[in-house]
Each structure stands twice: as structure tokens, then as C-alpha cells.
Amino acid sequence: MSEKIQNKILQKANNKQIALGIRVSSSTEEVIEIAGRMGLDFVYLDAQHSPFTLPEIEKYCRLSQSFDLTTMIRLPDGERTTILNYLDRGANVIQIPDLQTAEEAKKYIKYTYFGPIGIRSATSLRTAMQIPEPANRKNLYDFVNKNTLILPQLESITAFNNLDSILKVDGINFFSGGPEDIAQSMGFPGEPQHPEVLKAFSKACEKVRSSGKFMMEDVIEMISVNDLIIKEAGDLLKKHGRTPNWSL
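For the sequence shown, the working numbering gives the first residue as -3, with consecutive numbering after it.
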């Protein structure tokens, strides 16, 4: 490898641009290759709600990097071993579900970054291959720290109630939501469009942005393979006078 693997989401965000990507929920190499050849910036892999195995994740990270795509992965949880396993497979951006407290945010930073920022265990071959001279460990750790991004999900009323303290944690500057889980936590299961849910989430987003930090939609936009299939299948059925039996 002759070049370092840059984090394109961070690059775009730092330049006040939107990174463009594709969300993949099932095992497919063709989709990643198409995304890379088309010129998209990143691939999003959902390891919380989709059946990806760690060997598959490593394979897709490697493939993504070969097409100069940043790999963003939603993790199953925020445990130390989980964070390490997915980072060591090659994740550049980790989306951690259900952040609720500042104490959790501090743990995520500790587990994600090498020293002096954190205590991430050193290191896997996949990590070492991110720069041309992996034997230079100081340069490797500095580079990986600068190109690794934590993007926790604020998806409960508990997180919103603790948001002031969460936003004071240095090292996490990007957040995302989770409308379905927010609704459940507020006593409105299955009603993510409930006025009270929308109001609470809007207030949280405003607070994040007022602090100088960002919500996910401020820095990335992506399409979903499943959504595209559903739309195209629906259009095909309607074209031939048939009504789709199912849709999201």
C-alpha cells in the first residue's frame, strides 16, 4: 500500500461538505464494488440489526478500502470488546447504539482511541495496514486516532435528559438519533411521528448543534439497498397493473 487510508466522512465534514454513501444490510460484495466505482464516499454496514459476522465485516472493510471507501459500522453494543473487534476489522466510523450518559461517552472514547487519548489495545494486522510503514507505531496510532470517528446514537428520553453533560465530553462531536427507540422510551411504541417524540428529538438536535457539534444528517447522506429494491419492485408491479403486497 502506497497511501494512507483517509476517513472521507471526516474530510467532508471538516470541509463543510456532505459525504455520500450507501447502506448495506445483507451480505453482498457487488454493492460495495458498485459504490466504489460510482464514486461514493462511504459504505454503511449495520451490524446491530443485520446478520453480519466479524469475518464478513473484515472482508467488506478490506473491499471498501480497496475502492477508497470509508467504512461506517453500526455496532451491536458499546462494550469494550465489541468496539475493539470492529475497529480491528477495519471500521473507520463506529455508530454506537443507545448512548445514555456522559460516563458511557467517556468509556467509548477510552476504548476507541490509542494513547494518549484512550487505551485501545494495540493492534491488528488490518489496523497496521492503514499506513505504508506500519512498523512506525507512533505514526500509525496518531494517524488512526485522527481518522477514527465515534458517532453515538441518542435514542432515549434518558439520553435527552443527560444531554447537557454528554455534550461536555471532549472527543465526541457527531451524534445520530433513533426515532423508533426514542418513541418506545417515551411511552409511544410504534409512533416515531408522535408530536411529543418529534418535539423532544428536535429539541435535542437543536441543543447538539448549539454546542458546536453535529447530527449525522449534517455530514452524511446515504441510500439504502433495501429501500431501492422495495421502490423498484413496487414500480415494476404497478407498471404491469399489479399492486405491491408489502412495503415499509
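We put the CB at the ideal spot given by N, CA and C, even for glycine. It should be emphasised that the depicted structure is a prediction, and the values quoted were computed from it without experimental measurement.
Legend entry - For P161, the nearest candidate out of A200, A131, E192, M182 (CA to CA): Position 165 of the sequence shown, counted from the first residue, corresponds to residue 161. The displayed chain sequence assigns Ser, not Pro, to residue 161. For the residues A200, A131, E192, M182, the minimum Cα distance to S161 belongs to A200.
Inset, instruction - Measure the CB-CB distance between E151 and D94 and report whether it falls below 9 Å. - result: Taking the first residue of the sequence shown as 1, we reach residue 151 at position 155. Taking the first residue of the sequence shown as 1, we reach residue 94 at position 98. It is a contact, given that the beta carbons lie within the stated cut-off.
Inset, instruction - Find the nearest neighbour of Y56 within the set A179, E192, Q189, I30, judged by alpha-carbon distance. - result: Position 60 of the sequence shown, counted from the start, is the residue given in the question as residue 56. The shortest C-alpha separation from Y56 is found at I30.
Legend entry - With 16 other Cβ atoms within 10 Å as the buried cut-off, status of I225: The sequence position of residue 225 within the sequence shown is 229, counting from 1. Burial call: exposed.
Inset, instruction - Under 6 Å Cβ to Cβ from G167, same chain only, skipping five residues before and after it: list those, please. - result: Working through the sequence shown from its first residue, we reach residue 167 at position 171. Answer for G167: I105, listed in chain order.
Legend entry - Secondary structure of S172, DSSP reduced to three states: By one-based count along the sequence shown, residue 172 stands at place 176. DSSP places S172 in strand when its eight states are reduced to three.
Legend entry - Distance, E26 Cα to Q13 Cα: As a first step, residue 13 must be located in the sequence shown, where it is residue number 17. As a first step, residue 26 must be located in the sequence shown, where it is residue number 30. For Q13 and E26, the distance between alpha carbons rounds to 27 Å.
Inset, instruction - Return helix, strand or coil for E217, following the three-state DSSP convention. - result: Taking the first residue of the sequence shown as position 1, residue 217 is located at position 221. Strand at E217.
Legend entry - Through-space distance from F110 to E176, alpha-carbon basis: The sequence position of residue 176 within the sequence shown is 180, counting from 1. The sequence position of residue 110 within the sequence shown is 114, counting from 1. Distance between the alpha carbons of E176 and F110 is about 34 Å.
Inset, instruction - Just mark M(-3) as buried or exposed, buried being the case when its beta carbon has 16 or more other beta carbons within 10 Å. - result: Within the sequence shown, the letter at position 1 stands for residue -3. Confidence in M(-3) is poor, its pLDDT being 48 and thus under 50, which makes the residue's placement unreliable; the coordinate value appears in the next sentence. The residue in question, M(-3), is exposed, as its Cβ has fewer than 16 Cβ neighbours within 10 Å.
Legend entry - Contacting residues, own chain, Cβ-Cβ under 8 Å from A229 (five flanking each side not counted): Numbered from its first residue, the sequence shown carries residue 229 at position 233. Taken in chain order, the residues that qualify are P240.
Legend entry - DSSP bridge partner residues for A15 (one or two, in chain order): Position 19 of the sequence shown, counted from the start, is the residue given in the question as residue 15. I216, per the DSSP bridge assignment.
Legend entry - Whether M212 touches F184 by CB criterion (9 Å): The residue labelled residue 212 in the question sits at position 216 within the sequence shown. The residue labelled residue 184 in the question sits at position 188 within the sequence shown. Taking 9 Å as the Cβ cut-off, M212 and F184 do not qualify as a contacting pair.
Inset, instruction - Report yes if the C-beta distance between I1 and N143 is below 9 Å; otherwise report no. - result: In the sequence shown, the residue the question calls residue 1 occupies position 5. In the sequence shown, the residue the question calls residue 143 occupies position 147. Their beta carbons are under 9 Å apart, which means I1 touches N143 by this criterion.
Inset, instruction - Within the same chain, show all residues whose beta-carbon is closer than 6 Å to that of A246, passing over the 5 residues directly before and after it, in chain order. - result: The question about residue 246 has no answer here: the residues shown for the chain are numbered -3 through 244.
Inset, instruction - Name the residue from L232, N222, V204 whose alpha carbon lies nearest to the alpha carbon of S46. - result: Looking up residue 46 in the sequence shown gives position 50. Comparing Cα-Cα distances from S46 to each of L232, N222, V204, the minimum goes to N222.
Inset, instruction - With DSSP as the reference, please indicate the residues paired to R70 in a beta bridge. - result: Start at 1 with the first residue of the sequence shown, and residue 70 comes out as number 74. Per DSSP, D42, Q91.
Legend entry - C-beta atoms of F38 and T67 nearer than 9 Å: As a working mapping, residue 38 is identified with position 42 in the sequence shown. As a working mapping, residue 67 is identified with position 71 in the sequence shown. Taking 9 Å as the Cβ cut-off, F38 and T67 qualify as a contacting pair.
Inset, instruction - Could you tell me which residues DSSP puts in a beta bridge with I146? - result: Counting from one through the sequence shown, the residue named residue 146 turns up at place 150. Partner(s): I90.
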